[in-house]
DNA sequence: CGCTAATTGTTAGCACGCAAGTATTTTGTA
DNA sequence: TACAAAATACTTGCGTGCTAACAATTAGCG
């Protein structure tokens, strides 16, 4: 089997191609693709915990910490301690962050349209459905008594 | 527009989900997903240059250097200087690397089948075609005389 | 021949994304 | 109340991918 025909290869490359395009779009705002996604998520729902934000963006808490560190350094978000639960923090958009989130939201709509311009409506619908199913794929590691070594990292 | 409906988000997450699964499969061989793909590529075509290998795997030379460093440290590949062109090197599988490439190749076939087991043949065909088109997408950065700042990195 | 292009691989620095481990705090239970 | 368990965020270390800059070599052209 050729490398190019491996579904994991094709999935990874399609994902990276999309990330490259999205990166170019938000670079004008001084943002990376992931940072723009964080702002987009915060635009919908402000004052959330790190955990909740990571759930929406499907990344671990460790990744969130780094993303939030950079966004905070840019003065786009602010960490506030949670009043009831002293373990938790609440993440808020600053005024500049609010403006940036509006910009990225508009960019996202335009970029989606442009990126998919060459695809028919049927293809777009099929693609969305397939990607959703693929992203939710959870091939559980059947671990019958053994001490699982844990999954590796890597993107491809 | 919700973050979850952004095509770049969906593409990235589907790619990562596939990478996670593929990573689990090759972890038993002590390999990462990307390393296994390098071995798969070398199984088809040995004694190639870094540049050619990067072209097949769609990664830059800098990324190839790191991958080859680790594979060489594991004694799975070997760098040999090119006799005619002293800039270039040739990459060869060691005997252990050859064996590993056979194993990863078999794993790739099985993993592809398992991963796509829940999808109909029509869906698989459609998915392959769409991913291929997406991966080859090249929205050229129209750069009319300006000094382009260059694209950012980031995966999502 | 001699100078400039272009090519080849590497290095350095950054941004993700993950697992594993830590510190703090909250919660559940005896 | 006291103690174990869970939750929350952070830190560390690694692998991958990118751009940019670099040294070495080759190719092209006057």
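Chains as they are written, first to last, in the numbering used here: chain H, 1 to 156; chain W, 1 to 156.
Using N, Cα and C, we set each Cβ at its ideal position, and we do this for glycine too.
With fewer than 16 other Cβ atoms from the protein chains shown falling within 10 Å of its own Cβ, residue 84 of chain H counts as exposed. For a Cβ distance threshold of 9 Å, nothing in chain W lies close to residue 101 of chain H: the least Cβ distance comes to about 11 Å. The shortest CA-to-CA distance from residue 97 of chain H to any of H/126, H/37 and H/10 is the one to H/37. Annotated three-state conformation of residue 86 of chain H is coil, per DSSP. Rounded to whole angstroms, the separation of the alpha carbons of residue 105 of chain H and residue 25 of chain H is 11 Å.
Excluding five sequence positions before and after residue 39 of chain W, the CB atoms of its chain that fall closer than 6 Å to its own CB belong to 100, 101 and 104, given in chain order. Of all residues in the segment 22-45 of chain H, those with a C-beta nearer than 7 Å to a C-beta of chain W are 22, 23, 24, 27, 32, 33, 34, 37, 40, 41 and 44, reading in chain order. Judged by DSSP in its simplified three-state form, residue 48 of chain H adopts strand. Its chain contains 89 as the residues whose beta carbon lies nearer than 7 Å to that of residue 81 of chain W, once the 5 sequence neighbours on both sides are disregarded; these appear in chain order. Closest by C-alpha distance to residue 29 of chain W, out of W/124, W/130, W/74 and W/46, is W/74. When beta bridges are read from the DSSP output, residue 81 of chain H appears opposite H/89. A Cβ of chain W is located within less than 7 Å of the beta carbon of residue 17 of chain H.
When the Cα atoms are used, residue 10 of chain W and residue 48 of chain H turn out to be separated by approximately 22 Å.
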